[in-house]
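A quick write-up on the structure given underneath.
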C-alpha cells in the first residue's frame with residue numbers, strides 16, 4: 003500500500019471516530035444503559051456497600067428500570083427465575099458483595115440445573131482490596147463457578163459494555179443458564195470513554211447450538227415410521243426453544259402419545275388427546291410402565307434425570323432411543339441414544355415432522371388409557387373426590403382448576419404439594435408451570451411467584467406452597483407488600499414436612515425423625531404485611547374461599563388445612579425401575 | 007473391581023481462550039466427580055491467545071467421553087479431545103540435583119549420561135543438575151540409580167503429548183484465529199475419530 007493511501011485511510015478512521023460522540027460515563031451508568039438496550043424492564047435486588055455506586059446511578063433510571071426491593075438475595079434470584087420462566091426473557095438480579103453474593107448461590111444452582119437465563123450483577127470490594135479479606139469480601143467468582151454457565155469479574159469500567167453484552171448472549175443462547183458478573187467498586191465509579199453498547203451475537207469459542215445434520219433427521223424419521231409402539235417424552239427444551247407449535251405439529255401428525263417431565267408441563271395443553279401425562283417418580287402410571295414397553299422412545303429437550311428414569315439399567319432397554327437436544331453433553335449422558343438429533347428443536351422438529359408419516363396409534367394409545375383407568379380408580383378418584391373427613395391436596399387443585407379453567411400460572415414449591423400440583427393442575431398454556439425441578443429448592447415458590455407475576459402481568463399467578471417451604475422464604479411477603487404485586491398464595495398445610503414423612507413411613511418404618519413442623523398463624527403473618535388471608539379446614543368452604551382469593555384485588559393468602567398423613571402415589575421407589583411403579 | 011479393568015490412562019487435550027478462572031472451571035469438572043488428575047500441563051499454544059491444556063487421568067473411556075463433552079461445553083473452551091497413550095507421543099521432563107563430589111568419586115558421569123539419555127544442565131563444584139526427558143519409567147529409572155549417591159533434589163514436569171493423528175491441527179487453529187468462526191462452525195461430533203478430529 004502506498005504511503006499516501008495509508009495516510010488517507012488513517013484520516014478516514016479519525017474522521018469516522020470523531021463522528022461517534024464519545025461520552026464520559028461511570029461504569030455504573032454504562033451497566034444500566036446496557037440493561038436498557040437489552041430490553042430489561044425489571045430488576046430484583048438488594049443494595050449494600052459494594053454495589054452502592056450502581057444503586058446511586060439507578061436513582062436516576064427509576065422511570066426506565068423497575069427495581070423491586072426484595073427482602074433477601076435468595077428471594078431476589080428466585081424472583082428473577084420466576085420472571086424468566088413466565089416472560090421468556092432474561093431475569094436480572096442485583097446483590098452486593100460478600101453475604102449478598104453468597105445468598106445468590108442456591109438460586110444460581112437452581113437456575114443452572116433448570117436452564118433458566120439469568121444475569122446477576124454483584125458488587126465487589128475495590129480491586130486493590132481483592133485478596134485482603136476486606137469487609138464483605140468473598141471470592142464470589144470461585145464460589146459460583148460450578149453453578150454458573152459463565153462468570154466474570156470486572157475490575158475496569160472499560161470492560162463493562164462488552165462483558166454485559168456477552169453475559170446476556172451467553173445466558174440466553176443455546177441451552178440457557180445463569181451468568182454472574184462481579185464488578186469491583188472502583189469499576190462502578192470509574193469514568194471512561196463510553197462508545198455506546200453493541201449486543202453480542204458471537205463468541206469464537208462458544209457454540210450455542212450444534213448444526214442440524216439431515217442424516218440424523220432421516221434416520222430418526224425412518225425409525226419412527228417403522229415403529230409400532232412409539233412414545234414421546236418431552237421436557238423444558240420445547241419451551242426454552244419456543245418450539246411449542248413445532249412440537250404440537252409433530253405430535254399431531256405422527257399420532258404418537260407424549261408424556262412430560264415437570265419442567266415441560268404445559269408445552270401442549272393438559273387435555274390434548276395425545277398428552278398421556280407426567281413422567282417420573284410420581285408421574286402417571288401408563289407413561290412409566292409403558293416406557294419399558296415402547297419400541298421407539300423419542301426424547302425431546304429433556305435430560306433423563308434420575309427422578310424420571312428410576313433405575314437406569316432397567317430403563318427402556320427394549321427401545322430404540324432418539325434424543326433431540328441442543329446440548330451435546332446431554333446426548334448419551336444417562337441414556338444411550340440410537341439416533342442423536344443434535345440441534346435446536348425449533349429447527350429439528352419441523353424437519354422431522356416433514357419426514358414422518360401421518361399415523362394414528364389407536365391400539366397403543368388404548369394401552370395408556372387402560373393404565374389411566376386403573377390409576378383413576380385406585381389413586382386419582384380418592385385424591386380428587388375424597389370421602390374422608392379431611393381435605394386432600396388434590397381436591398384443592400381440582401377446585402382451583404374449575405375456577406381458573408387452566409388459564410393461571412401455577413408456581414409450586416418443593417415436596418408433596420408440588421407433585422400433587424404438577425400431577426393435577428390443568429395447564430392450557432405454555433410457560434404456566436413454574437417449579438424448582440432439578441434442584442428441588444424449598445422456599446422457591448413465594449419469591450418465584452412474585453417474579454412470575456412481573457413477567458406475566460396480565461395473567462393470574464397462583465403459588466401453591468407447603469407449610470414447610472413457605473417458612474423458608476416467607477420474608478418475601480414484605481416484597482409483595484411494598485411492590486403491591488398481585489400474587490395468590492395457597493398454603494397446603496399438612497402440619498408435616500410431608501414428602502420426607504412419606505419416605506419415613508414407607509422406607510424407615512414410620513420413624514418420623516424431625517418432620518413434625520409447627521407453623522405460625524399464617525393468616526396473621528400475612529396480615530402483618532397487610533395481605534388479606536383466610537384459613538379453611540372444611541371442604542364446603544373451599545369453592546368460596548378460592549373464589550374470594552381469586553377475585554380479591556391484590557395478593558391474598560389462603561391456608562388450607564389438609565389431611566396430615568396422605569401419601570403421593572403412584573410412586574417409583576428409589577432404586578426401582580419405572581415399570582415397578584406402585585399405585586399404593 | 008471390574009470397573010478398574012476398563013480404566014486406562016487417557017490424554018485429554020483442551021484448546022482454550024486465555025482466561026482467568028478457566029483452569030478452575032476445567033478442574034472442577036474432574037473434582038466434582040472425584041476424579042484425580044494425574045498430570046496437568048497448561049501453556050500457550052503456537053497461536054497467540056489460545057492456550058493448550060494436557061490433562062492425564064486414569065478412567066474408563068465412557069467416563070472420559072462424558073468429561074470431554076462437559077469440558078467442551080464451557081464457554082471459553084474451543085476444543086477438547088481425548089486419546090489413549092497409544093494415540094499420542096508423550097514426554098515428561100525431569101531434573102535431578104546431585105552432589106558433584108559424590109558423583110565424581112563413585113560413578114562415571116559419562117556412563118550415566120550415555121545410559122540414561124541424560125544431559126548435564128549445570129555443573130558446579132558443589133552440585134550437578136541432570137535432565138532427562140522420557141516416559142515415567144525412564145525418569146523413574148534414573149532416580150533409583152542416583153538415589154544411592156545422595157540425590158539432593160528431584161522434580162518432574164507434567165506430561166506433554168502430541169497427537170499422532172493430528173494432520174491439519176495447526177491450520178485449523180489458525181482458522182479459528184482468522185475466521186472468528188461464524189455459523190458454519192459446528193460442534194465436533196466426530197470427537198476423537200482419527201482424521202475427522204477437527205471437524206469444525
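Residue numbers (our numbering), protein chains in the order written: chain A, 3 to 586; chain B, 7 to 206.
Ideal Cβ placement from N, Cα and C applies to all residues, glycine included.
No experiment lies behind these values; they were computed from the predicted model shown.
Asked                                                                                                                          : Found
is_contact[residue 31 (chain B), chain A] using C-beta, thresh 8 Å                                                             : yes
For residue 447 (chain A): DSSP bridge partner residues                                                                        : Partner(s): none; residue 447 (chain A) has no beta bridge.
Nearest candidate by alpha-carbon position, reference residue 454 (chain A), set A:412, A:426, A:577, A:444                    : A:412
Under 7 Å from the C-beta of residue 143 (chain A): neighbouring residues of chain B                                           : 27
Contact with chain A by residue 75 (chain B), beta-carbon distance below 8 Å                                                   : yes
Whole-angstrom distance between residue 269 (chain A) and residue 224 (chain A), CA atom to CA atom                            : 25 Å
Boundaries of the beta strand (DSSP E) in which residue 63 (chain B) is found, first to last residue                           : 56-65
Beta-carbon proximity of residue 285 (chain A) to residue 373 (chain A), cut-off 8 Å                                           : no
Strand pairing of residue 139 (chain B), partner residues [DSSP]                                                               : B:99
Meets three-Cβ-pair contact criterion under 8 Å: the stretch 9-27 of chain B and the stretch 73-86 of chain B                  : yes
8 Å Cβ cutoff, residue 69 (chain B) in contact with chain A                                                                    : no
Chain A contact for residue 18 (chain B) (CB, 8 Å cutoff)                                                                      : no
Separation of residue 150 (chain A) from residue 240 (chain B), as counted between CA atoms                                    : Because chain B spans 7 through 206 in this model, residue 240 (chain B) falls outside it and cannot be assessed.
Simplified DSSP state of residue 202 (chain A), which is helix, strand or coil                                                 : coil
The stretch 485-495 of chain A contacting the stretch 507-517 of chain A, beta-carbon criterion three pairs below 8 Å          : no
Contacts that residue 317 (chain A) makes with chain B (C-beta to C-beta distance below 9 Å)                                   : Correct list: empty, because the minimum Cβ distance to chain B is about 17 Å.
DSSP bridge partner residues for residue 122 (chain A) (one or two, in chain order)                                            : A:95, A:182
Spatial neighbours of residue 1 (chain B) in its chain, beta-carbon cut-off 7 Å, leaving aside the 5 residues before and after : The structure shown has nothing for residue 1 (chain B), since chain B only spans 7 to 206.
Counterpart residues of residue 161 (chain B) in DSSP-defined beta bridges                                                     : B:101
Length-filtered (3 minimum) beta strand (DSSP E) runs lying within the stretch 211-258 of chain A                              : 232-236
Test: residue 48 (chain A) CB closer than 8 Å to a CB of chain B                                                               : no
Minimum Cβ-Cβ distance from residue 584 (chain A) to chain B less than 8 Å                                                     : no
Residue 103 (chain B) beta carbon less than 8 Å from that of residue 135 (chain B)                                             : yes
Cβ distance (whole Å) where residue 471 (chain A) is taken to contact residue 442 (chain A) below 8 Å                          : With a Cβ gap of about 10 Å, residue 471 (chain A) and residue 442 (chain A) do not count as contacting.
Residue 421 (chain A) - containing beta strand (DSSP E), residue span                                                          : That residue, residue 421 (chain A), is in no beta strand (DSSP E); its alpha helix (DSSP H) goes 418-426.
Residue 584 (chain A), buried or exposed, once every other Cβ within 10 Å from all chains shown has been counted against 16    : exposed
Contact the stretch 308-327 of chain A vs the stretch 201-210 of chain A: 3+ CB pairs below 8 Å                                : no
Residue-chain proximity (residue 179 (chain B), chain A), Cβ-Cβ < 8 Å                                                          : no
Enclosing beta strand (DSSP E) for residue 89 (chain B) [first to last residue]                                                : 83-90
DSSP-derived helix/strand/coil call for residue 151 (chain A)                                                                  : coil
Cα-Cα separation, residue 433 (chain A) to residue 90 (chain A)                                                                : 8 Å
In chain order, each beta strand (DSSP E) run of at least 3 residues that lies wholly inside the stretch 280-355 of chain A    : 298-302, 322-327, 341-344
Positions along the stretch 420-449 of chain A whose CB lies within less than 9 Å of some CB in chain B                        : none
Contact set for residue 577 (chain A): own chain, Cβ-Cβ below 7 Å, skip 5 residues either direction                            : 313
Amino acids of chain B, ordered along the chain, whose beta-carbon sits closer than 8 Å to that of residue 232 (chain A)       : The premise fails here: residue 232 (chain A) is roughly 25 Å from chain B at the closest Cβ pair, so nothing lies under 8 Å.
Length of the line joining the Cα atoms of residue 2 (chain A) and residue 130 (chain A)                                       : Only positions 3 to 586 of chain A appear in the structure, and residue 2 (chain A) is not among them; the question remains open.
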